[in-house]
Amino acid sequence: MNNLHPRALAALFLTAALTGCGDSSSSSEPLKPAITEHFGVIATASDDFQSGEVELVATADSGMTASGGYFGGISDISVNGHGEHYYLIRKFNGDQVLKVDIKNPGKEVWEASTLASGEQGTANPYQLVFVNESKAYLLRYGKNTAWIVNPSATQADDFFTGETLDLSHYMPAQEDSIGAVNMSAGVVVNGKLFITLQRLDGNYQPTNTAYVAVFNTETDTEIDTQTDLSGSLKGIPLRGKNPGNIQLLDGTGLIVTNLGGYSSPFTGTSLDVIDPASYQVTSMLADADVDFQINDAVIISSNLGYILSYAGWKDVSLQSFDPSQGASSLQVIGDLTGSDFRDIELSPQGRLWMADASPENPGVRVINPADNSQDDFIKTSLLPIDISFGTVVTNP
Numbered sequence: 169m170n171n172l173h174p175r176a177l178a179a180l181f182l183t184a185a186l187t188g189c190g191d192s193s194s195s196s197e198p199l200k201p202a203i204t205e206h207f208g209v210i211a212t213a214s215d216d217f218q219s220g221e222v223e224l225v226a227t228a229d230s231g232m233t234a235s236g237g238y239f240g241g242i243s244d245i246s247v248n249g250h251g252e253h254y255y256l257i258r259k260f261n262g263d264q265v266l267k268v269d270i271k272n273p274g275k276e277v278w279e280a281s282t283l284a285s286g287e288q289g290t291a292n293p294y295q296l297v298f299v300n301e302s303k304a305y306l307l308r309y310g311k312n313t314a315w316i317v318n319p320s321a322t323q324a325d326d327f328f329t330g331e332t333l334d335l336s337h338y339m340p341a342q343e344d345s346i347g348a349v350n351m352s353a354g355v356v357v358n359g360k361l362f363i364t365l366q367r368l369d370g371n372y373q374p375t376n377t378a379y380v381a382v383f384n385t386e387t388d389t390e391i392d393t394q395t396d397l398s399g400s401l402k403g404i405p406l407r408g409k410n411p412g413n414i415q416l417l418d419g420t421g422l423i424v425t426n427l428g429g430y431s432s433p434f435t436g437t438s439l440d441v442i443d444p445a446s447y448q449v450t451s452m453l454a455d456a457d458v459d460f461q462i463n464d465a466v467i468i469s470s471n472l473g474y475i476l477s478y479a480g481w482k483d484v485s486l487q488s489f490d491p492s493q494g495a496s497s498l499q500v501i502g503d504l505t506g507s508d509f510r511d512i513e514l515s516p517q518g519r520l521w522m523a524d525a526s527p528e529n530p531g532v533r534v535i536n537p538a539d540n541s542q543d544d545f546i547k548t549s550l551l552p553i554d555i556s557f558g559t560v561v562t563n564p
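Quick note, the sequence shown lines up with residues 169 to 564 if you use my numbering.
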């Protein structure tokens, strides 16, 4: 099925849906089980950063083929999959979110602006963080308010609820900032929203302390994680700087990927671990223990994790490690080094998808964590830069 043209794919979904609408004569037949299918959603960009689009992949054990591209436009984009929809985010100066039904991949459900009436400059939206089907938070890197939104909205005007989270109190002194707190990533855990704040200085350098702000998702009020420090900011100060990603590993905590500086010696790069109950911060990989930038991380278990280690432009390696042992266990996977790897994500099947943006052969490498072998390679038309997943449930 994954080799079908996207129009045929959409038609097949429609046919499957209509098949379940027979007359009453079939009511005595036993119900057939639902079919659950997973899809990879890949944001891609041209090598000259002039254009970008989305490609879709029906996941399988092997032989996967990408279809698309869809929604050609700017190259600064990301994708957030959620159920049978994905959300295409056009970032710097794009200021749009497109909702797309995977079953109808060629047309958006709606296209919403991420700027409120009268707002100037770019919102530079980064991520949608979902609470449930009808509530999510839109992180706006270029502004100091995150939007509370309704992802189940059927029209663009109903996407933004009009309510926001105010993060302006995290602004450094004006001369020490770029005009925003730079919210970069978020995750919801046990009724709490955790938002990473880079707080870059006026030269786009991570000289200010980075924080994680925490909000109650029912009341949308900020939680004071520093009750013993009167007068301080309520959020969690990180050990590393310039956070780019945050994820939850049950039994371990929240893992924050800190990029640190953008050039060698990459000061401030690390993997910090936050206890989501006590808000205490420890190190999984400390800045002092690595001599590269940690660009991305996927932690699968307490004994297995992967990082993209950046040594220079288009000089990135995939490394595995044992989180219980730290940096001493880091090792490069096969010959996956010295290339332009942009993103790593864990698929619903438990395999590692890695975006390989090598211009001569762009695509997604599918790695089996059991032995680090490559199970598949999904060729893309443009360079893959961001990966997410969606799920479609149909009846036969």
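A virtual CB, placed ideally from N, CA and C, is assigned to each residue, including glycine. Please read these numbers as outputs of a predicted model, since none were measured by experiment.
Are there 16 or more other CB atoms within 10 angstroms of the CB of residue i, so buried, or fewer, so exposed?
{"i": "residue 220", "result": "buried"}
{"i": "residue 209", "result": "buried"}
{"i": "residue 455", "result": "buried"}
{"i": "residue 253", "result": "buried"}
{"i": "residue 199", "result": "exposed"}
{"i": "residue 425", "result": "buried"}
{"i": "residue 481", "result": "exposed"}
{"i": "residue 275", "result": "exposed"}
{"i": "residue 419", "result": "exposed"}
{"i": "residue 500", "result": "exposed"}
{"i": "residue 491", "result": "buried"}
{"i": "residue 395", "result": "exposed"}
{"i": "residue 364", "result": "buried"}
{"i": "residue 347", "result": "exposed"}
{"i": "residue 334", "result": "exposed"}
{"i": "residue 471", "result": "exposed"}
{"i": "residue 319", "result": "buried"}
{"i": "residue 511", "result": "buried"}
{"i": "residue 204", "result": "exposed"}
{"i": "residue 237", "result": "buried"}
{"i": "residue 188", "result": "Its pLDDT being 36, under 50, residue 188 is placed unreliably in this model, and the value from its coordinates should be taken loosely. Exposed is the call here."}
{"i": "residue 213", "result": "buried"}
{"i": "residue 190", "result": "With a pLDDT of 37 at residue 190, under the threshold of 50, the modelled position of that residue is not reliable, and the figure given next carries that caveat. Residue 190 should be labelled exposed."}
Whole angstroms are fine: how far does the CA of residue j sit from the CA of residue i?
{"i": "residue 503", "j": "residue 302", "result": "44 Å"}
{"i": "residue 514", "j": "residue 442", "result": "21 Å"}
{"i": "residue 518", "j": "residue 430", "result": "31 Å"}
{"i": "residue 176", "j": "residue 273", "result": "Confidence at residue 176 is low in this model, with a pLDDT of 41, below 50, so its placement is unreliable and no value can be given for it."}
{"i": "residue 561", "j": "residue 202", "result": "6 Å"}
{"i": "residue 240", "j": "residue 222", "result": "8 Å"}
{"i": "residue 244", "j": "residue 259", "result": "6 Å"}
{"i": "residue 494", "j": "residue 452", "result": "6 Å"}
{"i": "residue 555", "j": "residue 520", "result": "11 Å"}
{"i": "residue 293", "j": "residue 324", "result": "16 Å"}
{"i": "residue 534", "j": "residue 231", "result": "11 Å"}
{"i": "residue 351", "j": "residue 264", "result": "17 Å"}
{"i": "residue 206", "j": "residue 251", "result": "9 Å"}
{"i": "residue 235", "j": "residue 405", "result": "43 Å"}
{"i": "residue 557", "j": "residue 466", "result": "15 Å"}
{"i": "residue 336", "j": "residue 349", "result": "7 Å"}
{"i": "residue 382", "j": "residue 401", "result": "11 Å"}
{"i": "residue 288", "j": "residue 375", "result": "26 Å"}
{"i": "residue 368", "j": "residue 434", "result": "14 Å"}
{"i": "residue 136", "j": "residue 226", "result": "Only positions 169 to 564 of the chain appear in this structure, which leaves residue 136 out of reach."}
{"i": "residue 416", "j": "residue 423", "result": "6 Å"}
{"i": "residue 563", "j": "residue 497", "result": "46 Å"}
{"i": "residue 361", "j": "residue 444", "result": "10 Å"}
Assuming residue i and residue j form a contact by the criterion Cβ under 8 Å, report the distance between their Cβ atoms to the nearest whole angstrom.
{"i": "residue 328", "j": "residue 280", "result": "7 Å"}
{"i": "residue 552", "j": "residue 527", "result": "Not confirmed; about 12 Å, so no contact."}
{"i": "residue 543", "j": "residue 525", "result": "That pair is no contact at about 20 Å."}
{"i": "residue 296", "j": "residue 304", "result": "5 Å"}
{"i": "residue 291", "j": "residue 308", "result": "4 Å"}
{"i": "residue 440", "j": "residue 449", "result": "5 Å"}
{"i": "residue 332", "j": "residue 314", "result": "6 Å"}
So which of the options has the shortest CA-CA distance to residue i?
{"i": "residue 464", "options": "446, 437, 470, 445", "result": "437"}
{"i": "residue 268", "options": "283, 259, 248, 284", "result": "248"}
{"i": "residue 370", "options": "213, 344, 331", "result": "344"}
{"i": "residue 299", "options": "353, 323, 338, 357", "result": "357"}
{"i": "residue 224", "options": "270, 262, 231", "result": "270"}
{"i": "residue 505", "options": "497, 516, 522, 242", "result": "522"}
{"i": "residue 215", "options": "226, 407, 242", "result": "242"}
{"i": "residue 468", "options": "462, 432, 536", "result": "536"}
{"i": "residue 460", "options": "353, 330, 476", "result": "476"}
{"i": "residue 340", "options": "332, 317, 379, 314", "result": "379"}
{"i": "residue 316", "options": "376, 310, 385, 288", "result": "385"}
{"i": "residue 255", "options": "435, 563, 211", "result": "211"}
{"i": "residue 447", "options": "540, 349, 403", "result": "403"}
{"i": "residue 310", "options": "282, 331, 427, 444", "result": "282"}
{"i": "residue 246", "options": "479, 496, 483, 306", "result": "306"}
{"i": "residue 428", "options": "407, 445, 421, 444", "result": "407"}
Of all the CB atoms in chain D, is at least one closer than 7 Å to the CB of residue i?
{"i": "residue 366", "result": "Looking at the structure shown, chain D is missing, and only one protein chain is on hand."}
Review point. Counting Cβ pairs closer than 8 Å, one from the stretch 477 to 494 and one from the stretch 547 to 555, do we hit at least three?
Key: no
Check your understanding: Is the stretch 406 to 417 touching the stretch 390 to 397 in the sense that three or more CB pairs, one from each, lie closer than 8 Å?
Key -> no
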